[in-house]
Amino acid sequence: MVEELSGVTHAQRIKVHRGEDKIQTDTVVLTYDSPKLPSRIHTRYLTLDVRPYVPLPMRCSQRRIIAILVQSARAGSVT
Numbered sequence: 016m017v018e019e020l021s022g023v024t025h026a027q028r029i030k031v032h033r034g035e036d037k038i039q040t041d042t043v044v045l046t047y048d049s050p051k052l053p054s055r056i057h058t059r060y061l062t063l064d065v066r067p068y069v070p071l072p073m074r075c076s077q078r079r080i081i082a083i084l085v086q087s088a089r090a091g092s093v094t
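Every position in the sequence shown, counted from 1, becomes a number in the numbering used here once 15 is added.
Pasting the structure below:
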């Protein structure tokens with residue numbers, strides 16, 4: 016697929032977790048060699064709209080553990 020599209024350097028399919036399994040979706044993330052994205056791409060028999068993909072920031076698991084400990088400590092304290 017990367018060879019067919021001009022300006023695309025990498026293509027990766029999105030995967031979702033369903034229980035223990037990872038399932039590939041129909042969504043593909045394309046990496047372009049420039050910051051300007053085309054409005055549409057034409058590949059084989061499809062014409063697809065393009066939109067920017069911005070992933071959610073990664074969460075620090077250590078902060079989540081500390082927040083849970085603080086909440087449980089506050090809930091258990093009697094004033």
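Glycine included, each C-beta is placed from N, C-alpha and C at the ideal position.
None of the values given here were measured: they were computed from a predicted structure.
- Tyrosine 47: member of the beta strand (DSSP E) spanning 36 to 47, first to last residue.
- Threonine 62 is bridged by DSSP to His57.
- Just so you know, the alpha carbons of threonine 24 and arginine 66 end up roughly 16 Å apart.
- In the DSSP annotation of this structure, the continuous segment of the beta strand (DSSP E) that includes lysine 30 starts and ends at 23 to 33.
- In this structure, the alpha-carbon of histidine 57 lies about 35 Å from that of glutamate 35.
- In this structure, arginine 55 sits near aspartate 64, with a CB-CB distance shorter than 8 Å.
- A direct Cα-Cα distance of roughly 31 Å separates histidine 32 from lysine 51.
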